[in-house]
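A.B. asks: Take a look at the following structure, please.
Protein chains: 2
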Amino acid sequence: MARPPARNAVGRPRRSSRRVLEEAAAELFLEQGYPGTTVDQIASRAGVSRNTFFNYFGSKSDVLWVDVDAALAGLERALAAAGDAPATDVADAMPSLQAALLGIAEERSNGAVPWALTQIELMDTAWELQASGLERLLRLQAVLRVSLARLAVRADELTIRSAAAALAGAIVAGAGAWAAAGVGRGELGDYLRRAIAPVVDGYGRALARIDGPSSS
Amino acid sequence: MARPPARNAVGRPRRSSRRVLEEAAAELFLEQGYPGTTVDQIASRAGVSRNTFFNYFGSKSDVLWVDVDAALAGLERALAAAGDAPATDVADAMPSLQAALLGIAEERSNGAVPWALTQIELMDTAWELQASGLERLLRLQAVLRVSLARLAVRADELTIRSAAAALAGAIVAGAGAWAAAGVGRGELGDYLRRAIAPVVDGYGRALARIDGPSSS
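Here the protein sequences line up with chains E and Y, keeping their order. Numbering (the UniProt record's numbering) for the first sequence: 1 to 216. Numbering (the UniProt record's numbering) for the second sequence: 1 to 216.
Below, the structure written as structure tokens:
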């Protein structure tokens with residue numbers, strides 16, 4: 001268990017250990033790449049013990065996903081709130097999801113690009129990153145599926161599952177394109193809106209057919 | 001290196017070592033689960049050496065994906081052939097992909113459910129399975145993206161990427177629902193058609209707008 005090294009004392013403003021660990025990890029990933037960085041190095045740079053690292057994160061890859069995980073949690077809360085509203089027309093289900101998604105993107109529009117998205121080219125080669133990315137993709141799909149099942153009660157399971165999977169795929173593609181666009185990339189929300197609009201359109205029409213003609 | 005055990009001699013018709021390894025693996029996965037089965041056990045059951053196993057498969061998980069990998073290779077060939085045809089209207093790009101996909105599903109309609117799809121509930125817990133599944137998902141996305149970029153030359157990168165990702169998501173959802181439906185599940189193609197139709201519809205409309213009004 002490494003002891004806090006002296007370098008940590010050099011005038012950083014006090015922040016939570018979690019934030020300090022995130023920043024230490026980000027520095028190290030930038031300096032020497034993700035695969036070459038160990039949890040011990042991150043803890044040492046942050047001036048905390050390895051045990052402290054594992055109090056905050058389950059694994060090295062978790063540090064990459066902090067912003068994504070926060071966005072996922074925010075989306076889940078927003079969709080749960082939407083689901084508590086009086087039942088809407090099934091045809092409104094996809095636009096409701098879209099609104100919740102774009103709301104989360106806007107909330108986070110001042111944030112940096114999540115580290116995980118800057119490492120996307122590594123996803124092809126780093127097994128651990130792949131698995132950690134798939135874990136988030138599956139969580140995103142599950143959040144969308146649960147919400148869609150509640151918003152579109154008369155829709156069949158296959159339509160709901162495929163809509164959630166298609167939407168999750170388009171979201172990841174949009175976020176990835178945004179991250180890859182470099183400085184001056186503009187707003188995440190604009191990328192997401194363009195990426196998911198055809199999914200919202202296509203499944204929106206499919207759900208409207210299930211629901212039949214409506215006056216809303 | 002295990003030697004071929006006597007049990008292998010008991011009257012199995014001669015087949016390629018690859019097929020025998022697949023069947024041995026399938027038996028063992030069924031008997032004792034995927035996580036509890038080792039490469040050594042598979043080789044031993046098949047009556048071949050561990051080295052022979054690795055002549056045919058890169059890892060234990062590869063055995064699960066044999067049918068999926070064959071379908072992916074078939075899809076890649078079918079789409080390459082479609083891309084060699086004279087350039088079509090951009091609005092035809094999504095229907096062309098759909099036709100190629102459903103063609104592959106039909107070709108394989110007499111096959112058993114791929115082992116990987118029967119293990120989908122394990123995907124949440126088994127890291128190696130997750131990574132091996134993501135590898136195939138990324139390959140499917142890449143095949144669709146390359147093909148779509150060729151079929152819809154004037155479409156922007158973001159639309160192409162998100163269409164490929166959404167389509168891949170819907171395909172996996174459709175195939176998963178088919179596998180999960182149990183005996184009497186019917187045709188894979190019917191599930192895929194229902195799962196992907198809204199994606200084909202939504203991105204087809206988006207691409208048609210890029211292309212402008214057309215007489216085709």
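Glycine residues also receive a C-beta, built at the ideal position from the N, C-alpha and C atoms.
#1: Buried or exposed: residue 217 of chain E, going by 16 or more other Cβ atoms within 10 Å of its Cβ?
#2: Nearest by alpha-carbon distance to Y/W178: which of Y/S59, Y/E22, Y/W115 is it?
#3: Would you kindly work out how many angstroms separate the C-alpha atoms of E/Q98 and Y/T38, rounded to a whole number?
#4: Residue range of the alpha helix (DSSP H) that Y/R154 falls in?
#5: Within 8 Å, do at least three Cβ pairs link the segment 188 to 196 of chain Y to the segment 168 to 176 of chain Y?
#6: Between Y/R205 and chain E, is any beta-carbon pair separated by less than 8 Å?
#7: Whole-angstrom Cβ separation of Y/A105 and Y/L79, contact assumed at under 8 Å?
#8: Return the chain-ordered ranges of every alpha helix (DSSP H) run that is complete within the segment 24 to 68 of chain E and spans a minimum of 4 residues.
#9: When the distance is taken between beta carbons, is Y/A91 closer than 8 Å to Y/T159?
#10: Between E/L148, E/E107, E/V68, which lies nearest to E/A93 when the distance is taken from Cα to Cα?
#11: What residues in the segment 178 to 194 of chain Y have a beta carbon less than 8 Å from any beta carbon of chain E?
#12: Where does the unbroken alpha helix (DSSP H) through Y/G103 begin, and where does it stop?
#13: Taking Cβ positions, are Y/R108 and Y/A71 nearer each other than 8 Å?
#14: Beta-carbon of E/G202 versus every beta-carbon of chain Y: anything under 8 Å?
#15: Between E/E135, E/S49, E/E76, which has its C-alpha nearest E/S61's C-alpha?
#16: Quick check: E/A131 and Y/Q41, are their CB atoms within less than 8 Å of each other?
#17: Among the residues of its own chain, which have a CB less than 8 Å from the CB of E/E27, if the five just before and after it don't count?
#18: Which class does Y/D89 belong to by DSSP, given the choice of helix, strand or coil?
#19: List the whole-angstrom C-beta distance separating Y/L21 from Y/V68, where the pair is believed to meet the contact cut-off of C-beta under 8 Å.
#20: Tell me, to the nearest whole angstrom, how far the beta carbon of Y/G174 is from that of E/S162; I am working on the premise that it is less than 8 Å.
#21: Return the CA-CA distance between Y/V153 and Y/R139, expressed in angstroms with no decimal places.
#22: Report buried or exposed for Y/G47, applying the criterion of at least 16 other Cβ atoms within 10 angstroms of its Cβ.
C.D. replies: Considering the structure as presented:
#1: Outside the displayed span of chain E (1 to 216) sits residue 217 of chain E, for which this structure offers no information.
#2: One-based indexing of the second sequence puts residue 178 of chain Y at position 178. Y/W178 has its Cα closest to that of Y/W115, out of Y/S59, Y/E22, Y/W115.
#3: Locating residue 98 of chain E in the first sequence gives position 98, counting from the first residue. Locating residue 38 of chain Y in the second sequence gives position 38, counting from the first residue. Those two C-alpha atoms are separated by around 45 Å.
#4: For the purposes of this step, residue 154 of chain Y is taken as the residue at position 154 of the second sequence. Counting along the chain, Y/R154 falls outside any alpha helix (DSSP H), and DSSP gives it neither H nor E.
#5: Counting C-beta pairs closer than 8 Å gives three or more between the segment 168 to 176 of chain Y and the segment 188 to 196 of chain Y, which meets the contact rule.
#6: Position 205 of the second sequence holds residue 205 of chain Y. So, interface residue.
#7: Working through the second sequence from its first residue, we reach residue 105 of chain Y at position 105. Working through the second sequence from its first residue, we reach residue 79 of chain Y at position 79. About 14 Å separates the beta carbon of Y/A105 from that of Y/L79, a gap too long to meet the 8 Å contact definition.
#8: With a minimum length of 4 residues, the continuous alpha helix (DSSP H) runs that stay inside the segment 24 to 68 of chain E are 39 to 46, 50 to 56, 60 to 64.
#9: Counting from 1 along the second sequence, the entry for residue 159 of chain Y is found at position 159. Counting from 1 along the second sequence, the entry for residue 91 of chain Y is found at position 91. No.
#10: Start at 1 with the first residue of the first sequence, and residue 93 of chain E comes out as number 93. Comparing Cα-Cα distances from E/A93 to each of E/L148, E/E107, E/V68, the minimum goes to E/L148.
#11: Cβ contacts with chain E come from Y191, R194.
#12: For the purposes of this step, residue 103 of chain Y is identified with residue 103 of the second sequence, where counting begins at 1. Looking at the DSSP string, the run of the alpha helix (DSSP H) that includes Y/G103 is 93 to 107.
#13: As a first step, residue 108 of chain Y must be located in the second sequence, where it is residue number 108. As a first step, residue 71 of chain Y must be located in the second sequence, where it is residue number 71. Yes, these two residues count as a Cβ contact at 8 Å.
#14: For the purposes of this step, residue 202 of chain E is identified with residue 202 of the first sequence, where counting begins at 1. Yes, its Cβ sits closer than 8 Å to a Cβ of chain Y.
#15: Reading the first sequence from its first residue, position 61 is the one you call residue 61 of chain E. Among E/E135, E/S49, E/E76, the Cα nearest to that of E/S61 is on E/E135.
#16: Counted from its first residue, the first sequence places residue 131 of chain E at position 131. Counted from its first residue, the second sequence places residue 41 of chain Y at position 41. With respect to Y/Q41, E/A131 sits apart: the two C-beta atoms are not nearer than 8 Å.
#17: By one-based count along the first sequence, residue 27 of chain E stands at place 27. Correct list, in chain order: R45.
#18: For the purposes of this step, residue 89 of chain Y is taken as the residue at position 89 of the second sequence. Reduced to three states, the DSSP call for Y/D89 is coil.
#19: Residue 21 of chain Y sits at position 21 when you count from the first residue of the second sequence. Residue 68 of chain Y sits at position 68 when you count from the first residue of the second sequence. The pair is not a contact, with the Cβ atoms about 16 Å apart (cut-off 8 Å).
#20: On the second sequence, residue 174 of chain Y is found 174 positions in, with the first residue counted as 1. On the first sequence, residue 162 of chain E is found 162 positions in, with the first residue counted as 1. Confirmed, about 6 Å.
#21: Locating residue 153 of chain Y in the second sequence gives position 153, where the first residue counts as 1. Locating residue 139 of chain Y in the second sequence gives position 139, where the first residue counts as 1. The C-alpha of Y/R139 is placed about 21 Å away from the C-alpha of Y/V153.
#22: Start at 1 with the first residue of the second sequence, and residue 47 of chain Y comes out as number 47. That one is buried.
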